[in-house]
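Protein sequences, first through last, are from chains A and B.
Reminder that position 10 of the first sequence reads as 10 in this note's numbering, one-by-one numbering, no gaps.
Reminder that position 72 of the second sequence reads as 72 in this note's numbering, one-by-one numbering, no gaps.
Glycine included, every Cβ here is placed at the ideal spot set by N, Cα and C.
Every value quoted in this text rests on a predicted model; they were computed, and no experiment measured them.
One structure is given here, and the rest of the page talks about it.
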Amino acid sequence: DLVATACEKAKGHEA
Amino acid sequence: ALTKEFCETTLRSDNRSAAANDTRELALVAMDLASTAAASASAKARSALRSSGGRGSKDRDTEYSLRYCLMDYGTVAVVLPACRAVVEEYSPRDFQAPFDYLECAGRVMDAAGDCWQRVSYEDGALKRALWNDAVDVANRANLGQALVEQMVDFP
Chain A
1 DLVATACEKA
11 KGHEA
Chain B
1 ALTKEFCETT
11 LRSDNRSAAA
21 NDTRELALVA
31 MDLASTAAAS
41 ASAKARSALR
51 SSGGRGSKDR
61 DTEYSLRYCL
71 MDYGTVAVVL
81 PACRAVVEEY
91 SPRDFQAPFD
101 YLECAGRVMD
111 AAGDCWQRVS
121 YEDGALKRAL
131 WNDAVDVANR
141 ANLGQALVEQ
151 MVDFP
């Protein structure tokens, strides 16, 4: 699903 | 840094995520959640500042951190709705520069990060009082930024 996919990509994002 | 678990738990706490069609819609949800967290953190900081007695209280560090975080939460409250409007308008067919959309998410993050950084230097009672809220606002702003980057396909 979209949330899981987006969160996999967002993982580790640092400001 | 964002964890997958934080990202999923946060997004799924809002029902609109399940119905989202693209990352733009998920970014809007994340931004709304950041807005809610900033409003709640701001109300708590204001109340703590009031009960600290304001100027002349014994714990000046706490007082100043509360005051600076209030400024930052105020900035978040002003910038977020404006940024939301920018993200809402996004269409890949506009061929607008990615930075035109990324900048506002960065500005939200800057404000949230300023409070987070200030509180991170503190310890003891002050940190216990402010830390969770500051982390929550910063994490949600970070999530919003990550999703806006995905929206414009920014590596």
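Assuming residue i contacts residue j under a Cβ cut-off of 8 Å, what Cβ separation, rounded to an integer in Å, is found between them?
i: residue 10 (chain A); j: residue 143 (chain B); result: 7 Å
i: residue 115 (chain B); j: residue 31 (chain B); result: Not really, about 17 Å apart at Cβ, beyond 8 Å.
i: residue 140 (chain B); j: residue 37 (chain B); result: 5 Å
i: residue 133 (chain B); j: residue 44 (chain B); result: 6 Å
i: residue 33 (chain B); j: residue 3 (chain B); result: Actually they do not touch by this definition, with Cβ atoms about 16 Å apart.
i: residue 8 (chain B); j: residue 61 (chain B); result: That pair is no contact at about 36 Å.
i: residue 150 (chain B); j: residue 23 (chain B); result: 4 Å
Mind checking if residue i is an interface residue toward chain A, Cβ cutoff 8 Å exclusive?
i: residue 35 (chain B); result: no
i: residue 31 (chain B); result: no
i: residue 16 (chain B); result: no
i: residue 143 (chain B); result: yes
i: residue 117 (chain B); result: no
i: residue 4 (chain B); result: yes
i: residue 1 (chain B); result: yes
i: residue 109 (chain B); result: yes
I need the straight-line Cα distance from residue i to residue j, nearest angstrom please.
i: residue 16 (chain B); j: residue 100 (chain B); result: 25 Å
i: residue 89 (chain B); j: residue 106 (chain B); result: 17 Å
i: residue 125 (chain B); j: residue 65 (chain B); result: 12 Å
i: residue 47 (chain B); j: residue 7 (chain A); result: 34 Å
i: residue 63 (chain B); j: residue 130 (chain B); result: 11 Å
i: residue 111 (chain B); j: residue 35 (chain B); result: 12 Å
i: residue 42 (chain B); j: residue 69 (chain B); result: 8 Å
i: residue 28 (chain B); j: residue 87 (chain B); result: 7 Å
i: residue 91 (chain B); j: residue 128 (chain B); result: 42 Å
i: residue 14 (chain A); j: residue 146 (chain B); result: 8 Å
i: residue 97 (chain B); j: residue 85 (chain B); result: 16 Å
i: residue 4 (chain A); j: residue 19 (chain B); result: 13 Å
Mind pulling the beta strand (DSSP E) runs of 3 or more residues that sit fully within the segment 65-114 of chain B? DSSP runs (the beta strand (DSSP E)) wholly in the segment 65-114 of chain B: none.
Minimum length 4: unbroken alpha helix (DSSP H) runs contained in the segment 3-49 of chain B: Within the segment 3-49 of chain B, the complete alpha helix (DSSP H) segments at least 4 residues long are 4-12, 16-19, listed from N- to C-terminus.
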